[in-house]
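Asker:
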Amino acid sequence: MSVRVRRVYEPPEPDDGVRVLVDRLWPRGLAKDAARVDEWPKALTPSTELRRWYHAGEGSYEEFARRYEAELAEPEAAELLEEVRESARKGPVTLLTSAKEPERSHAAVLLRLLG
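For what it's worth, the working numbering labels the leading residue of the sequence shown as 1271, then goes sequentially.
1. Decide if alanine 1347 is buried, meaning its Cβ has at least 16 other Cβ atoms within 10 Å, or exposed.
2. Name the residue from Arg1294, Glu1309 and Asp1293 whose alpha carbon lies nearest to the alpha carbon of valine 1363.
3. Going by DSSP, which residues form a beta bridge with glutamate 1309?
4. According to DSSP, simplified to helix, strand and coil, what is leucine 1295?
5. Could you tell me the distance, in whole angstroms, from the CA atom of arginine 1298 to the CA atom of valine 1307?
6. Determine the closest residue to valine 1292 out of Gly1385, Leu1384 and Leu1380, with distance taken between C-alpha atoms.
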């Protein structure tokens, strides 16, 4: 199973496989055709409340990750997570995010859960 995280602003690469945008909001200043996004499962992204809480600096990354994992356990998100996992069993999947530090973002949580 091959899953990786890349910034959505980086140019697509041939070995990206299925490109999945894992941000709730469309990345600023990026044309949709330039992003080459195959899937955009918004229910798999952190809730607006959780995203705002984390970006306001009210809690640690570890607490954010714990809360996000709880959201991913909800039925709709869990089903989407399984669909991405199934896709990764068939070929490469690239999780796309606009986060400046993908390794300390929700994309890293998804990568860990999918791995």
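Just so it is clear, CB atoms sit at the ideal spot from N, CA and C, and this is done for glycine as well. It should be emphasised that the depicted structure is a prediction, and the values quoted were computed from it without experimental measurement.
Answerer: Working from what's here:
1. The count along the sequence shown starts at 1 and reaches residue 1347 at position 77. Flag for alanine 1347 reads buried.
2. Residue 1363 sits at position 93 when you count from the first residue of the sequence shown. The shortest Cα separation from valine 1363 among Arg1294, Glu1309 and Asp1293 belongs to Glu1309.
3. Locating residue 1309 in the sequence shown gives position 39, counting from the first residue. Val1290, per the DSSP bridge assignment.
4. Here the question's residue 1295 lines up with position 25 in the sequence shown. It is coil, neither helix nor strand.
5. Position 28 of the sequence shown, counting from 1, holds the residue named residue 1298. Position 37 of the sequence shown, counting from 1, holds the residue named residue 1307. Spanning the two alpha carbons is a distance of roughly 14 Å.
6. Against the sequence shown, residue 1292 aligns to sequence position 22. If we check each option's Cα against that of valine 1292, Leu1380 comes out closest.
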